[in-house]
Each structure stands twice: as structure tokens, then as C-alpha cells.
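Under the working numbering, the letters of the first sequence match residues 253 to 809, in that order.
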Amino acid sequence: MATVRDRLKSMIALSARSIAGYLEMQAEVGLELEIPRNSGHGDYATNFAFALAKRLKQNPRQIASQIVAGLDDSTGLLERAEIAGPGFVNFFIKPSAWYGIIREVLGDPGNYGRLEAGGGPMVQVEFVSANPTGPLHIGHGRGAAIGDVLANLLEARGRRVQREYYINDAGNQMDTLGRSLFYRYQQELGKDVEFPDNHYRGEYMRELAREFIGEKGDLFRNCSLEESLPVFTEYASRRIFDGIKEDLELFGVRFDNWFSERELHDRDMVGKTIEYLRQRGFIYENEGAVWFKSTAFGDEKDRVVVRANGASTYFAADLAYHRNKFERGLETVIDIWGADHHGYVDRMLAGVQAMGAEREAVRVVLVQLVNLLRGGQPVAMSTRGGEFVTLREVVDEVGKDATRFIFLTRRTDSPLDFDLEVAKTRSNDNPVFYVQYAHARLCSVFEVARDRGLDFDWRRAAEETLPLLQVREEFEIMKLLGEFPEVVGECVRSLEPHYIPYYLHQLVSLFHSYYHDNRILGEDAQLTKARLCLALAIKEVIANALSLLGVEAPEKM
RNA sequence: GCGCCCGUAGCUCAGGUGGAUAGAGCGUCGGACUUCGAAUCCGCAGGCCGCAGGUUCGAAUCCUGCCGGGCGUACCA
Numbered sequence: 253m254a255t256v257r258d259r260l261k262s263m264i265a266l267s268a269r270s271i272a273g274y275l276e277m278q279a280e281v282g283l284e285l286e287i288p289r290n291s292g293h294g295d296y297a298t299n300f301a302f303a304l305a306k307r308l309k310q311n312p313r314q315i316a317s318q319i320v321a322g323l324d325d326s327t328g329l330l331e332r333a334e335i336a337g338p339g340f341v342n343f344f345i346k347p348s349a350w351y352g353i354i355r356e357v358l359g360d361p362g363n364y365g366r367l368e369a370g371g372g373p374m375v376q377v378e379f380v381s382a383n384p385t386g387p388l389h390i391g392h393g394r395g396a397a398i399g400d401v402l403a404n405l406l407e408a409r410g411r412r413v414q415r416e417y418y419i420n421d422a423g424n425q426m427d428t429l430g431r432s433l434f435y436r437y438q439q440e441l442g443k444d445v446e447f448p449d450n451h452y453r454g455e456y457m458r459e460l461a462r463e464f465i466g467e468k469g470d471l472f473r474n475c476s477l478e479e480s481l482p483v484f485t486e487y488a489s490r491r492i493f494d495g496i497k498e499d500l501e502l503f504g505v506r507f508d509n510w511f512s513e514r515e516l517h518d519r520d521m522v523g524k525t526i527e528y529l530r531q532r533g534f535i536y537e538n539e540g541a542v543w544f545k546s547t548a549f550g551d552e553k554d555r556v557v558v559r560a561n562g563a564s565t566y567f568a569a570d571l572a573y574h575r576n577k578f579e580r581g582l583e584t585v586i587d588i589w590g591a592d593h594h595g596y597v598d599r600m601l602a603g604v605q606a607m608g609a610e611r612e613a614v615r616v617v618l619v620q621l622v623n624l625l626r627g628g629q630p631v632a633m634s635t636r637g638g639e640f641v642t643l644r645e646v647v648d649e650v651g652k653d654a655t656r657f658i659f660l661t662r663r664t665d666s667p668l669d670f671d672l673e674v675a676k677t678r679s680n681d682n683p684v685f686y687v688q689y690a691h692a693r694l695c696s697v698f699e700v701a702r703d704r705g706l707d708f709d710w711r712r713a714a715e716e717t718l719p720l721l722q723v724r725e726e727f728e729i730m731k732l733l734g735e736f737p738e739v740v741g742e743c744v745r746s747l748e749p750h751y752i753p754y755y756l757h758q759l760v761s762l763f764h765s766y767y768h769d770n771r772i773l774g775e776d777a778q779l780t781k782a783r784l785c786l787a788l789a790i791k792e793v794i795a796n797a798l799s800l801l802g803v804e805a806p807e808k809m
């Protein structure tokens, strides 16, 4: 059993084999089916003939007619296929063919839209990876939602996936963090010390200082910064990191692995990676610093890996980190980065190539920034003053589901306006409720059906009654249900999750409209059963799609 | 200055490899509850797809140049 789309596609591909010259080139020509806007152009249409015509240097209409003539419709899928315009082929599907989609969905509801889990190589999605120097803000939240959902989507397509968080717990920012706590601690104890510039001055640092006092009292009142710094650094980073984990948990995001940068240094993997690259001829010394020859792979300039003062750069650690990924046997790595790091992509991919891996082994997804608004007015997001709205605050205020859904509704590379007021409104402004409402409504229908004593065995009902579904909207819904696996596939191909929320909106909109015009639980017992089958299929697909997004599918609202 | 991303309805945004008459939500205005959930539905209006050239059977989509916006351009992380 396969969707109508897949069956049609393989039928066309089979027919094309009879065209002279096709077999020699078929790998290079993609066969795509689109759903025409205009229903007069059929249920599906393809411009395949144009693509072939270009390669074979023939008339598109002629090729189209060969394709149509060669179609072997032994399973009775097609009502007719016609050639239109300069060479489109329009396919009209037999109405009865759509009923199979309902059987397909209900046959294994939880797995509809998923492919068999394959035993192929592991894909790693690395995301969030925020420094443990402060709480997650809303921008991290967007990256968290996107990374988590991309991982879900990859799993749905049968890939084995590892979710990893890279902890930047090394370097002088950690010392800065410890000093920040040290000074706040002294201040909280009433000492008149000045808080230095360029330190973490957020309110969370004062709270941390108070908690520190609660645990250790004034034990370090008279200690020098030098001797007590390790204690403060350890405490601050541990507590902040615990908070980050907690915030992610609340946001519905879990990781399989937490990778520590410090470990990289402790095991001298940075130095070893530089030596490794030196052996491969991509390292040289200049003006007291050590450079990586990233221009060899298209970067605009070479990059420093060890500064003249002997300290290695963040980039050097990142090279070691990615080398480690490959050493762990990962063949494909997806890095989710903030768009402000886009200048960093070329040098990282150069590093990947210098290590002998394919450039394509690492795919970088750049997530654009989030503009936080309240009632249309920008909310101040001053990082310098340490006053920013944390992810935690947003999730507490508007809820996990709405927050995730909104993050996932735009393309990743498009900046996002996040309006706290809009996010809380329960209107069409806020599509998450629109979708969840449809699910709750469907659940309610089944509750009423049970109350009325309808014994509903979908398998028997489907066998006997599905042909009673004859309303135009019913066919439209079945057709759209059949598109769901394709939508998941498109998300994975493009690493863009936003197609799922759009799909959901489209499906739910069709359902609400259908529901308004037609009674599911009606006078006719047979028709009622048929419509319950359809309703159940819709409910399952909504639930599946929401589950991929990490958003609840409520039974009541 | 240079590099990357982006300019689509009043607003926020969709528009895989170039395809047929450019879509959705919100907002405005006007309608629909005795019935399975009105957190819903139906309708009207709204467009030189930033501008100008080019490529071809065909361009919102590809190329070039302008205009306008965001980000980046460290021996910071």
C-alpha cells in the first residue's frame, strides 16, 4: 500500500522508460508532481515533459504524449490523463482511489508519515550550545525548537539521530563568570567593592550570590580573588548550567549528549588537532601566531588558531570538536547556529575539508534573530545591561506549545517578530489554538459517539462504508491527508520545519469548514460510520504532526 | 569598503529543482449558533512580487546593476 501520489509517480517513471534516450539520463532528471491550484488541471500535474524535452532536445508536447500513451494503469488509479498547454500532463484520479488513504492512515496511525527506522549511519543535530554564563534567552529558544524538531523529522524519515549540546565551559569567559559572582558576593556581604566593566551584570548574578551565601555563608569574605576564584567559577557555571537544563526540559527539549569544551582541552585534543592539520599541510606560523590555511577551501582569509600569547582560539576548539565528531563515527552533522555566526561558516567548512571530510558532511542551519514585542512595541533586549527576557519567562507567560509553534511557523532564515500579547491570544492570530481546537473538537465528536453507543470498528466500517464519502470536501481532505508523508520529506530535504505548521493549518482549515457544513454523527448509520473513519484519520494526522513539533494535542481545551 | 541574508496585500508571512489566473492569517466591512465544541464558518475589498535591464517558449523564483533593511567583517567567545 502506498499513497496515491507515490503510486502515480512510479507509474509515470515506468512509462518514461519507453522513451528513447531516457534510461541513459534518468538520474539527472527529477520527476515531481504538483497539485495544481486550478482543479481543472487535475489532481496532480507534472512538468516532467519539459525537463525531458530540454535534455532530449525534443518537443515537450510530443514527450508528454509518449508518457501518457505508455501509462500502465493496471490498478485503476486514473480516470484520465491529459496533455495541456505547452506540455504539462494533468492527472485526474478516480475518486475511489482516495479511500485507500484512510485505510493507510488508520492501519498504523502512530506511524503514518514515518518511514521504517533504518539502520543507516547516525545523524547528529547539534543545537542551542549556549555558554553557561547566563540563562537562555528567546533566541536560544528558537534554535532549541528548530533543532529539536529537525531531529524529530529526521527520525520520522527513518534516520538514527543524536541530539547534542556543546558546552563552552572553557576560556576566559569562565573566569569572567567566576569574578562576576565573586564581586556580587562581596557586595551582598556589604563590602564596598566596585563591579568591573565587561562582566555579567544581570540580576541573575545577584540572586546567585545570595544563594551562594545561603549555602556557604561568609566563608570567603576575606579571601583574595585569586585563591577563591575556582570555587566561584565552579559554583556559577554549575548552577547556571543546571538552570539551562531545567529551562530546556520545561520547553520539551532533551539531549542525548552534553559535550564539554573543557574536556577537549583537558585531553589536549585542540593541540592534537592542530598537529594533525599541520601534518596535512594546512598550518603555518606568522607574526608569532599559528594560522590555519582556510583559504585553501574558499574562506576569504586564513584564521588564527593559536594567538601570539600562546592561547588557542575558540575556532581551534571548534576544529577539534568537529574532528571529534568524525572520530565518533558520525558521517553527517547538522549544526544549528544563530545567524550572527554566519561569517563563521566558511572557515568551519574549510576545517572540515582540511580533515579530509566532504564539505557536505556538515550542514549548517542558520537561525535568524527573534524580535521580542509586546503589543506591537519592541521589548528592550539590552544584553549589556543584563536585562533581557529569558526563555523561561516567555514559556511561563505564553506556554510551551504556543511558543514552540510560533518559532516553527517561519522559515529559519527569516527574522521573527514574537509578540507576547499575540502569542497569548486565543484567536486565529495564534494558529496553535486553531489547530489544537480542531483536535479537541474531533475528540469531542468521538466522545459523543461513544455516549450514543456507536460501536465503532473502523476496519469493518471502512470496508462497508467508505464509498459513501462523496462530498467534495471529503475528497479534498483525503487528498491532503495523503500529502503528509511528502511534507515531512520536504522538511528533511530542506532542513526547514515550517512546512509542518503550514500543512496543519491547511488541513485543519479544511476540516473546520467541512465540519461546519456536514454532520458527522447523522441520521444515516452507514454514512456516520464512514465519516467517523475520515474524522479518525484527520485526528490521527493532526496528532502526528503536532507530536513532530513537540506540541500537545489536547483532548479538551 | 567587502561578504552573507532579505525587500511579495495596510500588518505578519508562505510561495522545493524556473511553469498554467501570485496564496494564507490578521486587520477593515458584512453575514451564520435550537443540532457533533462559534477558540468555528461564509463573503467583500485589498498586488508594477523594491527599481531597472538581461537570460527563454515561460521569471516572485536565475544573472547583472542600483535603492532600502538586517547581520557579519578580531591574535573575542
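Glycine included, each C-beta is placed from N, C-alpha and C at the ideal position. Note that the coordinates shown come from a computational prediction; the quantities given were computed from them, not determined experimentally.
Segment limits, alpha helix (DSSP H) that includes residue i
i, result
"T485", "477-502"
"D570", "566-579"
"N383", "No alpha helix (DSSP H) holds N383; DSSP gives it neither H nor E."
"W710", "710-717"
"I264", "256-268"
"R523", "Contrary to the premise, residue 523 reads as Gly rather than Arg in this sequence. It spans 521-531 - the alpha helix (DSSP H) in which G523 sits, taken as one unbroken run."
"E515", "513-518"
"L304", "300-308"
Beta-carbon proximity list for residue i, same chain, < 6 Å, skipping 5 on both sides
i, result
"A795", "A805"
"T255", "G734"
"R636", "Because the pLDDT of R636 is 45, which lies under 50, any placement of that residue in the model is unreliable, and the question is left without a value."
"F302", "P312, G339"
"T780", "L773, G774"
"E645", "none"
"Q318", "I271"
"F493", "P384"
Cβ distance (whole Å) where residue i is taken to contact residue j below 8 Å
i, j, result
"T525", "A602", "With 8 Å as the limit, T525 and A602 do not qualify as a contact, their Cβ atoms being about 14 Å apart."
"L732", "P667", "That belief does not hold up - the Cβ atoms of L732 and P667 are roughly 30 Å apart, past 8 Å."
"P288", "G294", "6 Å"
"G339", "A369", "The pair is not a contact, with the Cβ atoms about 40 Å apart (cut-off 8 Å)."
"R409", "L367", "5 Å"
"A675", "V650", "4 Å"
"L481", "D518", "At roughly 18 Å, the Cβ-Cβ gap does not stay under 8 Å, so L481 and D518 are not in contact."
"H757", "V687", "7 Å"
"G372", "R411", "7 Å"
"L275", "V744", "In fact, because the Cβ distance is near 28 Å, the residues do not count as touching under 8 Å."
Best match in the options for proximity to residue i [C-alpha to C-alpha]
i, options, result
"M263", "S679, L275, V320", "V320"
"R830", "V793, Q425, W350, G337", "This structure leaves residue 830 out entirely; the chain is present only between 253 and 809."
"A297", "G410, E334, S326", "E334"
"L516", "A568, F343, V377", "A568"
"L433", "N404, F472, A268", "F472"
"R415", "M426, G399, Q425", "G399"
"E715", "D258, F344, G393, I353", "I353"
"Y417", "A777, D508, F657", "D508"
"E331", "G322, G337, N342", "N342"
"R257", "D444, S291, Q318, F344", "F344"
"R693", "Y566, A787, R656", "A787"
"G393", "V585, P737, G540, L624", "L624"
"E699", "G595, M607, E807", "E807"
Boundaries of the beta strand (DSSP E) in which residue i is found, first to last residue
i, result
"E610", "Per DSSP, E610 belongs to no beta strand (DSSP E) and is neither H nor E."
"T584", "584-590"
"I271", "Here I271 belongs to no beta strand (DSSP E), and DSSP marks it neither H nor E."
"F549", "No beta strand (DSSP E) contains F549, which DSSP labels as neither H nor E."
"G537", "Rather than Gly, the amino acid found at residue 537 in this sequence is Glu. Here the beta strand (DSSP E) through E537 covers 535-538."
"R555", "555-558"
"V622", "622-626"
Chain-order list of residues whose beta-carbon lies under 7 Å from that of residue i (same chain, five-residue window excluded)
i, result
"L597", "A small fix is needed here, since residue 597 is Val in this sequence, not Leu. Only V616 meet the Cβ criterion."
"D421", "P384, S489, S512, E513, R514"
"Y487", "L433, F464"
"G495", "P387"
"E748", "R663, T664"
Neighbourhood of residue i by C-beta distance below 8 Å, restricted to the same chain and skipping five residues each side
i, result
"T661", "P683, H750, P753, Y754"
"F685", "A654, R678, S679, M809"
"R462", "E440"
*Please go through the segment 645-693 and give each complete alpha helix (DSSP H) segment of 4 or more residues, from N-terminal end onward.*
When DSSP assignments are scanned along the segment 645-693, the uninterrupted stretches of alpha helix (DSSP H) that are 4 or more residues long and fall wholly within it turn out to be 652-659, 672-676.
*Which runs of the beta strand (DSSP E) spanning at least 3 residues fall entirely within the segment 407-477, listed in chain order?*
Within the segment 407-477, complete beta strand (DSSP E) segments of at least 3 residues are found at 412-419, given in chain order.
*Enumerated in chain order, which unbroken segments of the alpha helix (DSSP H) with a length of 4 residues or greater are wholly contained in the segment 743-809?*
751-769, 777-801
*Complete runs of the alpha helix (DSSP H) confined to the segment 311-380 [at least 4 residues]*: 312-322, 351-359
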